[in-house]
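The structure appears below as structure tokens.
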Amino acid sequence: MAASLTGGPTTDTFGPMAASSQSHVTMLVSRRCDNHCVMCIERDALPGVDLSARRLRRGLQRYRDQGYRELEISGYEPLTRRNLADLVAEAAALGYDPIRVLTNARGFARAGRAARLLEAGVTAVAVSCHAADEDTEAQIALQAGAFAAKRRGME
727 MAASLTGGPT TDTFGPMAAS SQSHVTMLVS RRCDNHCVMC IERDALPGVD LSARRLRRGL
787 QRYRDQGYRE LEISGYEPLT RRNLADLVAE AAALGYDPIR VLTNARGFAR AGRAARLLEA
847 GVTAVAVSCH AADEDTEAQI ALQAGAFAAK RRGME
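Just so you know, we're using this note's numbering here: the sequence shown kicks off at 727 and counts up by one.
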């Protein structure tokens, strides 16, 4: 059963987190994004705030206490969250493994960002790629330079 934080089927939900199996939890860490993709269901609802770190930590603890061990970090764009490495380190300390981040990768272009997340405990990264060229990516993400920024982040 797939997890959905927008009303689809889940086995359990806690605010910005949802469990989709007996081992996997998805955590939405931000309500901000540096893209405005035309197909995004949340595109017009970007209030630009991060979710409470305290609430996310409570959710991490709650699901770990219930035996969940795999964590996927998502959100409109998780790399827009400044204290993401701290949350990852807390999840790793609780025993989550693997810890995956689903991202557009643009935030990895900032010096040291990828290294800090790897040191904190990220074990895998999935990059959301919408196009194979700058013009098409700009049309989809509604952001000039999105493709180049993504490429810099993946280098």
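C-beta atoms are modelled at their ideal positions from N, C-alpha and C, and glycine is treated no differently.
Helix, strand or coil at residue i [DSSP, three-state]
i    : result
T862 : helix
A867 : helix
V814 : helix
M725 : The requested residue 725 does not occur in the structure, where the chain is confined to residues 727 to 881.
L786 : helix
F873 : helix
A819 : helix
R878 : helix
L731 : Annotation note: pLDDT 34 at L731 (below 50); position unreliable, no value reported.
T737 : Residue placement at T737 cannot be trusted, given a pLDDT of 48 that sits under 50; what the coordinates show is reported in the next sentence. T737 falls in the coil class under three-state DSSP.
D760 : coil
Residue of the options minimising C-alpha distance to residue i
i    : options                : result
D859 : E845, R826, A874       : A874
A818 : A850, E803, R808       : A850
V814 : D791, C766, L782, A864 : L782
C766 : V848, R784, I825, Y802 : Y802
S749 : G838, G821, A857       : G821
8 Å Cβ cutoff met for residue i and residue j
i    : j    : result
D776 : R758 : yes
C763 : L868 : yes
G879 : A831 : yes
T806 : D760 : yes
Per DSSP, the bridge partner or partners of residue i
i    : result
H750 : E796
T829 : V853
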